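What follows is one structure encoded as structure tokens, with my remarks underneath.
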Amino acid sequence: MLSPITTVRSTTTATPVSTPTGVSGIPGSTTEVGGVIKAAMPGTVMSIKVKVGDVVKEGDVVLTLETMKMENPIKANKGGKIKEIKVQPGKFVNVGDPLIVIE
1 MLSPITTVRS
11 TTTATPVSTP
21 TGVSGIPGST
31 TEVGGVIKAA
41 MPGTVMSIKV
51 KVGDVVKEGD
61 VVLTLETMKM
71 ENPIKANKGG
81 KIKEIKVQPG
91 KFVNVGDPLI
101 VIE
């Protein structure tokens with residue numbers, strides 16, 4: 001014998017969750033602490049778009065990170081001069097690994 005189908009409706013509402021500073025929740029986003037752009041997700045560095053000494057503006061793409069077969073642009077969270085590049089193409093990075101230092 002089959003049971004009747006019952007519909008259940010939730011009476012609660014969703015509560016927004018705040019996002020930590022420097023993390024947008026969007027794939028490819030980065031955290032930036034003291035001028036260091038850090039990986040917000042694990043992935044493989046596909047290409048580096050800047051070199052030491054380049055001047056970048058906030059929002060400029062500095063490298064491309066492949067995550068789950070998708071290429072994600074990593075953007076500068078602040079303007080400044082590229083002081084150090086801590087990764088190279090083909091290198092796998094984990095969450096929180098430093099990628100680029102901006103001064």
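Residue 1 is where the sequence shown starts when you use my numbering, and the numbers rise one by one after that.
Glycine is no exception: its CB is placed at the ideal position from the N, C-alpha and C atoms.
None of the values given here were measured: they were computed from a predicted structure.
Nearest-angstrom Cα separation, counted from residue j out to residue i
i, j, result
"residue 83", "residue 41", "22 Å"
"residue 95", "residue 57", "24 Å"
"residue 102", "residue 70", "25 Å"
"residue 97", "residue 39", "5 Å"
"residue 51", "residue 81", "10 Å"
"residue 43", "residue 61", "16 Å"
"residue 100", "residue 78", "12 Å"
"residue 55", "residue 72", "21 Å"
Supposed contact pair residue j and residue i - C-beta distance, whole angstroms, cut 8 Å
i, j, result
"residue 53", "residue 76", "Not confirmed; about 14 Å, so no contact."
"residue 45", "residue 88", "7 Å"
"residue 74", "residue 67", "Between residue 67 and residue 74 the Cβ distance is about 10 Å, and since that is not below 8 Å, they are no contact."
"residue 48", "residue 5", "No, residue 48 and residue 5 are not in contact; Cβ-Cβ is about 55 Å, not under 8 Å."
Residue range of the unbroken beta strand (DSSP E) whose run includes residue i
i, result
"residue 43", "43–48"
"residue 98", "98–102"
"residue 39", "36–39"
Exercise. Tell me the start and end of each unbroken beta strand (DSSP E) in the stretch 52–83 that is at least 3 residues and wholly inside, in chain order.
Key: 61–67, 70–75
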